[in-house]
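Enquirer:
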Amino acid sequence: MSTFRQLIALASLICTLAPSVAAHSWIEEYQAISPNGSFVGARGYSRGYVSREDPTFNGNSEMWMLPSLDARNDDGTVRTRINSSDPVCHPAQRTSNYTSAFPKLKVSPGDFVAMKYLENGHNSLPWNITGKPYGSGTVFVFGTTQPSDDEKIADVMSWNTEGTGGNKNGFLMTAQNFDDGRCHQINCGSISNERQRLQPNHVADQPTSTVEDWCETDLQIPDSVKPGSLTTYWIWQWPTEPNKDCNTPAGKDEYYTTCADFDVVADKVANTPFSVGAGGNPRSVAVSDYKSRTA
């Protein structure tokens, strides 16, 4: 094989392997959305947040997958479905633990909020993982003012928009595709290339720069929420469908979660204009349909 062909083959292999070596996803930050669609105000973070710049950070600092890789059935076989024993929150996110460096998001009833995360190839290279759903799966966000340190995902997933589902301790705030239609990792795939061309993400004052565009889950704080603390559970459902992957012919569950608290105040927060945080995304406006997104 010629050197040129070897280089082409290597480039193709790197692109193919990208999602298998990439991390899965969690919420990096939360930010309010102004009426004109721009991000405003101080950012908020998840419980127990560990920055990517922190020397202790690793892939498990924020990622919480259910069922876990070591989950087993009673007969010792690998468990591929969630059950009533699975905690919805990462061990570091089961209590409301915040620092001055990574505080809660402050919001008011009626505010729109963007929950921002990296797609890590799940949107831009979807063909590399067999049996995954359209839109890279569904994100559900649930809210509660009665959080439990031992909240189970099976209980939370039974909550409905009216607050009458399951144990009635919370309510469904939104359900929408993981893929917001704009976000993209920088890679050699056709989806990424098209989004880079049609919806480029530039560093400020560097119009020729090209950087990764973060995804967002968008929701509105209900007018009925009273001032105080509102706990949110961001749950990404990314199952493998039956009869698609020979390794799991019956299909399997796969969920990723992030747990956070919002500080809800009665008066509208005086929000400062958008600025890029350290290591953050320069995109300063929400997706155009942030008020109406559904799965």
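Mature numbering (1 follows the signal peptide of the UniProt record, and there is no 0) puts the sequence shown at residues -23 to -1, 1 to 272. Virtual Cβ for every residue (Gly too), placed ideally from N, Cα, C. Treat the numbers as computed from the prediction; the structure is a model and nothing was measured.
#1: Look at the alpha carbon of R260 and the alpha carbon of E193, and state the distance between them as a whole number of angstroms.
#2: Tell me the DSSP secondary structure of Y267 in three-state form.
#3: Would W215 pass as a contact of V118 if the rule is Cβ separation under 8 angstroms?
#4: Which residue marks the beginning of the beta strand (DSSP E) containing residue 277, and which one marks its end?
#5: To the nearest angstrom, report how far apart N105 and E6 are at their CA atoms.
#6: Which residues mark the beginning and the end of the beta strand (DSSP E) in which Q173 is found?
#7: Taking the alpha-carbon positions, what's the D195 to M134 distance?
#8: Checking the sheet assignment: what are the DSSP bridge partners for V118?
#9: Less than 8 angstroms separating the beta-carbons of G205 and T122?
#10: Decide if D127 is buried, meaning its Cβ has at least 16 other Cβ atoms within 10 Å, or exposed.
#11: Suppose the cutoff is 8 angstroms on Cβ atoms and the five residues either side in sequence are ignored; what does the same chain contact list for N74 look like?
#12: Judging by CA-CA distance, which residue of D266, D200 and Y233 is the nearest neighbour of P86?
#13: Taking 8 angstroms as the cut-off, decide whether the C-beta atoms of F79 and I10 are in contact.
#14: Any Cβ of chain C within less than 8 angstroms of the Cβ of T115?
#15: Give a yes or no on whether the C-beta atoms belonging to G166 and L95 are separated by under 8 angstroms.
#16: So, at 7 angstroms on beta carbons, what are the nonlocal neighbours of C160 in its own chain, with the 5 sequence-adjacent residues on each side left out?
#17: With a CB to CB cut of under 6 angstroms and the five nearest residues on each side skipped, what residues in its chain are close to C178?
#18: Closest to D266 by CA distance: which of P12, I4, W3 and S2 is it?
#19: Do the CB positions of D63 and L46 come within less than 8 angstroms of each other?
#20: As a quick exercise: from V17, T208 and K109, pick the residue whose alpha carbon is nearest that of C66.
#21: F(-20) by DSSP, collapsed to three states: which one?
#22: To the nearest angstrom, how far is the alpha carbon of K221 from that of G228?
#23: Short check: CB of T57 to CB of D230, under 8 angstroms?
#24: Can you tell me which of the three DSSP states residue 278 falls into?
#25: How many Å lie between T72 and V246 at the Cα?
#26: Could you give the distance in angstroms between the alpha-carbon of I130 and the alpha-carbon of S2?
#27: Using the Cβ count rule (16 or more neighbours within 10 Å means buried), how would you classify F34?
#28: Check the DSSP bridge columns for Y232 and list the partner residues they point to.
Expert: So, to answer that:
#1: Spanning the two alpha carbons is a distance of roughly 11 angstroms.
#2: DSSP places Y267 in coil when its eight states are reduced to three.
#3: Contact flag unset, no.
#4: The question about residue 277 has no answer, for the chain in this structure spans -23 to 272.
#5: 27 angstroms
#6: Here Q173 belongs to no beta strand (DSSP E); instead the alpha helix (DSSP H) covers S167 to L175.
#7: 18 angstroms
#8: T151 and W211
#9: yes
#10: Per the 10 Å Cβ criterion, exposed.
#11: R24 and G25
#12: D200
#13: 8 angstroms or more divides the Cβ of F79 from the Cβ of I10.
#14: Note that chain C does not occur in the displayed structure, where there is just one protein chain.
#15: no
#16: E96, N100, D190, W191 and C192
#17: One point to set straight first is that residue 178 is Asn, not Cys, in the sequence displayed. Contacts found: V188, D190 and R260.
#18: P12
#19: no
#20: Comparing alpha carbon positions, the residue from V17, T208 and K109 closest to C66 is T208.
#21: For F(-20), the predicted structure reports a pLDDT of 33, less than 50, and the residue's modelled location is therefore unreliable. A value from the coordinates is still provided. Three-state DSSP puts F(-20) in a helix.
#22: 7 angstroms
#23: yes
#24: The structure shown does not extend to residue 278, since the chain spans only -23 to 272, so no value can be given for it.
#25: The alpha-carbon atoms of T72 and V246 are separated by roughly 25 angstroms.
#26: Roughly 17 angstroms between the two C-alpha positions.
#27: exposed
#28: L43 and Q214
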